[in-house]
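K.L.:
The structure is given below, and queries will be raised subsequently.
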Amino acid sequence: MPVPDELSAPYWEAAARHVLAIARCSVCGAFAVPPDQTCPHCRTTDPAFVFEPVSGRGAVRSWTVVRQSSLPGFAADVPFMLVDVELVEQSGLRIIGRLLDGPDAALHVGHRVTVAFEDAAPGIAVPAFVLGGDT
Ligand SMILES: [Zn+2]
């Protein structure tokens, strides 16, 4: 189960509504994952990140099949595929999530995916991906 902290709470709050929201620096406007105390783009120490909804569309950059899960919440689900996805909103903006098409999905670098949400518990949804989506 994800454990929201102060910085990530808005992310999980949006996810619970099946909205992918990414922190955006108030100074330079760049998205940052995960949000840090400083903006990785403009280096401001006062980014005042605001979480904004994004399209949830992106391209697969790499992937791995997880056969043994160290995360108790996912232990019953192995094997599953984790994909590293670059979102269309910004070059280099990458998030990692489960691919819901199964561990044997045929992938290639650049494969288009779209965010989907797994309802893990009441009020908690975890961003994941499914194959497909517009370019
Ligand atoms: Zn910035």
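Under this note's numbering, think of the first position of the sequence shown as 1, with each following residue one higher. Note that the Cβ used here is the ideal one computed from N, Cα and C, for glycine as well.
Are any of the Cβ atoms in chain B nearer than 8 Å to that of Pro53?
P.N.:
Note that chain B does not occur in the displayed structure, where there is just one protein chain.
K.L.:
Would Arg98 be called buried (16 or more neighbouring beta carbons within 10 Å of its own) or exposed?
P.N.:
When all chains shown are included, Arg98 counts as buried.
K.L.:
Spatial neighbours of Glu13 within its chain, please: C-beta separation below 6 Å, excluding the five flanking residues on both sides.
P.N.:
Excluding positions up to five away in sequence, the list is empty.
K.L.:
With a threshold of 7 Å, establish whether the CB of Val27 neighbours any heavy atom of ligand 1.
P.N.:
For ligand 1, at least one heavy atom lies less than 7 Å from the Cβ of Val27.
K.L.:
Is the beta carbon of Gly102 closer than 8 Å to that of Thr114?
P.N.:
Not a contact, by the Cβ cut-off of 8 Å.
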